[in-house]
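According to the working numbering, the residues represented by the sequence shown are 12 to 186, in order.
Ideal Cβ placement from N, Cα and C applies to all residues, glycine included.
From a predicted model like this one, the values you see are computed outputs, not experimental measurements.
First comes the structure, then the notes that go with it.
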Amino acid sequence: MRAVNKIKTAGILAILVCMMICQGCSGRSVPESHALTVDSAGVTGAGIKVGSSYTDWIDAYGDYEIQLYDGENFVPYTPDPVDDKKAADAASDTATDTDHDGRYMVAAFYVDEEPVSTDELCKAEGVEPENLADHLASAEYLAEHKVLFRYIIFTITDDAVSDIEFDYLDYNTEL
């Protein structure tokens, strides 16, 4: 079990580092915590579930910073229905040369239960993005703050949400 937690934590930290480098550049809002949850029926806090249309997904999450998986990393993304349709069609046709595989991530830090962008955290704490993970994980910081990193990864194919993955990293208990 401990090995699984270490693997999970390592994976989340890899996502986190990519997000920290990219977040804050888009000027988009940070999602409230309920938007980054999934209930037992598989419905997100913003009302999206497997089978929801791309348009419904954009209506629910389009104002937040979105990142797409480019085959190696999650990178900043601004929704464009035409480009997304092409990418989703290519992915569903099992093409090998696609810009991405249809996975989109919405993620955020919550410090003391308040959503905050990495840009805001870096400015408030006086640290560079590449040093933020270490800063937030420090015993000194965690002694004074509750830190969560939440994310949802949506897979969109054929103009519909086909999968939803939700997870979080509780810095105070998992690091």
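Can you look up Ile164 in the DSSP assignment and give me helix, strand or coil?
strand
Considering only residues of the same chain and omitting the five flanking positions on each side of His146, which have a CB-CB separation below 7 Å?
Glu136, Val138, Tyr152
Measure the alpha-carbon distance for Pro90 versus Ala171 and round it to whole angstroms.
14 Å
Can you give the Cα-Cα distance for Thr168 and Arg114, rounded to whole angstroms?
One C-alpha to the other measures close to 9 Å.
Given a threshold of 16 other Cβ atoms within 10 Å of its Cβ, counted over all protein chains shown, does Val117 qualify as buried or as exposed?
buried
Report the option in Gly62, Phe85, Tyr121, Asn84 whose CA atom is closest to the CA atom of Glu43.
Of Gly62, Phe85, Tyr121, Asn84, the residue nearest in Cα terms is Tyr121.
Secondary structure at Ser63, three-state DSSP: helix, strand or coil?
coil
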